[in-house]
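Taking it in order: structure first as structure tokens, then the write-up.
Numbering (the working numbering), first residue to last: 20 to 812.
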């Protein structure tokens, strides 16, 4: 069964990482193991209706499974791939089996025996990786070597062409075959331990497949949807009439939308629903009146028990009868400026699912009450570029926090932009290429289609009628040059730049430095990778000299100065970021304008400190990393401090790239208010960095200190407020008008992640965020650079 990750359903291609084939080397299992894996359930030609994973034990006693999980990764993971999780309970006896049911497809005729655990993972039939894991937190490893070093992995099998596997992968499976251990032994070589054959699921009770299908319950669509987010008929087999409004005929999550032509009077109940047909193209067309028989399911994009995302109510294992064709399609609900409520959701302090919907009061409830129904927007302004995943974000509320350049600015916790709506296309790209667009362009005319929840971006209009993009002529900004007495310091996240990148990326970034930033004197760089980038996972390469040489050469070719650089190579794999890239921060500086004070001793693990000579602070090493051994920087980039001299005056610059927001609950998710778990680490990072700044200012309260970089957090966040507490540092973004406070666009929200903060020392500070990337379909980085011009004391 092909993957149901919804981002993959509407894109024509997704670039995959290139991984070195490094065999795993974990010790053979002595307790619970994976005994059988089947991902073809419900596919064409399959007998079984459902995917499954079967567990056993090679030990002599009962193997407890409580607190463990089964996790799945696609066979060829990309940088965006995530392990999907199914938690376990109970245990498995020697000689027994434990059955974990996974996603159900549209085909097949025979049900699994009663499962011992149930998940919703759609495993690929031919190739993939399944792991038995201690705990329920998703794994993060994406290579065989990294997973072999992961102590939480109890057992692992990669089948087909899987990148992640033990030694060699097990044979490929199919719609009609599984891979299973011929003997209950574990040699840590999947090819030796597993063989392909007919699937043989067995549960803990020793039961095998069979049983009669239940008699369907006659219902209407609004009965299935109910008045909360979860269907009151979940798990039931129902028979539902309706009219087909749209079809999804490509990708791995095909199906059609069914809408009730005679709605009830309750505004809380949606009249539309998605009928999932798996990888099979549905044999219906808009206007067909059909009766569908299927099981009611709540689809979560990952583990239902712990998913931070909302579910989609849908019909699975469906069969249908076309009663007539060419019927009128129900009219689309026109969404305008006042249609969607301004308030996002009730805040009960937990899961919003049990609550009855209030679509007239809350935006998330409004969209849930129209899940699966046709909606339309007209002449909508785009508040994001067209993304790499073929998405458009528009605003239905053009007066809601507009930016100066056509976006929508995110201004604070509890101040969501409820007018933002994501749009994807149901029209095959061979018929209608997805449009390229910039922020501020307009999607003219009518765009309409059914609404569905997506983990990426929330509620999404899936357009089978797509308007035309009108180019509103957005231009890339150019900042002014610094004056002779001004020191210009810039910060630029160059998005995983490595010497393995195409020359075009170097040239475009160089143009940004020279033309748009006016060749600043100092540039702090974030996301500089080693010389071979992610292709060199585990190869011992951490140097970035070739990367920086190509970048500085490109700047000269663009008409800029010959910059020098300073940086410190990290320990391999210790600083997070793209696997194998060995990401770090660094400095470029123009030696004709500013001098760098080199003090030896800086390396990946040696901390920099403040020393005082003649009442003047200096750095013990320059460049030097700030507290690199502190737990705050675990799996994260370490700040780099450098001492510069400009016109005889000392300037301290600290380059930063704080921990990412990965793992935070989404604004549109099932938990309100969302938990920002990653914030804890950034607050600790801010405390450590602030302590270092305080040491500098204790030695000289008039010292010129510039803290710059990608802090991965908002101006109103606890992390940034920790840095600015008491006024020791000023967050320069706060000096801009509210409609100009952004350097990054995510899910339609123009927001601040990059910052420049300065001490009280410098005079006449002039600050600018230079918008050249984040709003544009063509970009060299996903971040906009910033520059501050100042007069050091």
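The beta carbon of each residue, even a glycine, is placed where N, CA and C say it ideally should be.
Source: prediction; values computed, not measured.
CB contact flag (residue i, residue j, <8 angstroms)
i           : j           : result
residue 286 : residue 378 : yes
residue 372 : residue 479 : no
residue 459 : residue 401 : yes
residue 671 : residue 614 : no
residue 236 : residue 262 : no
residue 719 : residue 636 : yes
residue 658 : residue 674 : yes
residue 355 : residue 415 : yes
residue 705 : residue 754 : no
residue 146 : residue 201 : no
residue 771 : residue 761 : yes
residue 299 : residue 126 : yes
residue 473 : residue 524 : no
residue 589 : residue 561 : yes
Secondary structure of residue i, DSSP reduced to three states
i           : result
residue 533 : helix
residue 684 : coil
residue 743 : helix
residue 383 : helix
residue 735 : coil
residue 239 : coil
residue 799 : coil
residue 390 : coil
residue 657 : coil
residue 566 : helix
residue 85  : coil
residue 701 : helix
residue 313 : strand
residue 354 : coil
residue 574 : helix
residue 399 : strand
residue 668 : strand
residue 809 : strand
residue 10  : Residue 10 cannot be examined here, being either before or after the span of the chain that is shown, 20 to 812.
Alpha carbon of residue i to alpha carbon of residue j, nearest angstrom
i           : j           : result
residue 264 : residue 467 : 11 angstroms
residue 55  : residue 533 : 58 angstroms
residue 109 : residue 654 : 34 angstroms
residue 188 : residue 210 : 5 angstroms
residue 49  : residue 78  : 6 angstroms
residue 650 : residue 800 : 29 angstroms
residue 334 : residue 710 : 56 angstroms
residue 150 : residue 219 : 19 angstroms
residue 270 : residue 244 : 25 angstroms
residue 141 : residue 520 : 34 angstroms
residue 255 : residue 338 : 15 angstroms
residue 774 : residue 191 : 49 angstroms
residue 539 : residue 563 : 22 angstroms
residue 791 : residue 433 : 29 angstroms
residue 591 : residue 59  : 39 angstroms
residue 331 : residue 204 : 40 angstroms
residue 768 : residue 686 : 11 angstroms
residue 408 : residue 318 : 21 angstroms
residue 240 : residue 351 : 17 angstroms
residue 326 : residue 320 : 8 angstroms
residue 166 : residue 179 : 18 angstroms
residue 424 : residue 756 : 13 angstroms
residue 804 : residue 503 : 22 angstroms
Close Cβ partners of residue i (< 6 angstroms) along its chain, the five nearest in sequence each way excluded
i           : result
residue 691 : 364, 366 and 371
residue 787 : 498 and 806
residue 643 : 621, 627 and 660
residue 743 : 750
residue 275 : 263, 266, 294, 301 and 303
residue 808 : 501, 505, 507 and 785
Own chain, CB closer than 7 angstroms to residue i, minus 5 neighbours either side, in chain order
i           : result
residue 64  : 194 and 195
residue 457 : 404, 493, 794, 795 and 796
residue 369 : 690
Own chain, CB closer than 8 angstroms to residue i, minus 5 neighbours either side, in chain order
i           : result
residue 306 : 262, 263, 344, 345, 346, 347 and 348
residue 223 : 109, 111, 112, 115, 116, 117, 118 and 135
Any non-hydrogen atom of the ligand SAM within 7 angstroms of residue i CB
i           : result
residue 597 : Among the components of this structure there are no ligands whatsoever, and the ligand SAM is therefore not found.
- Do the segment 67-77 and the segment 126-146 meet, that is, are 3 or more Cβ pairs less than 8 angstroms apart? Counting Cβ pairs under 8 angstroms, three or more are found: they touch.
- Please determine if the segment 525-539 and the segment 565-578 are in contact, where contact requires at least 3 C-beta pairs separated by less than 8 angstroms. Counting Cβ pairs under 8 angstroms, three or more are found: they touch.
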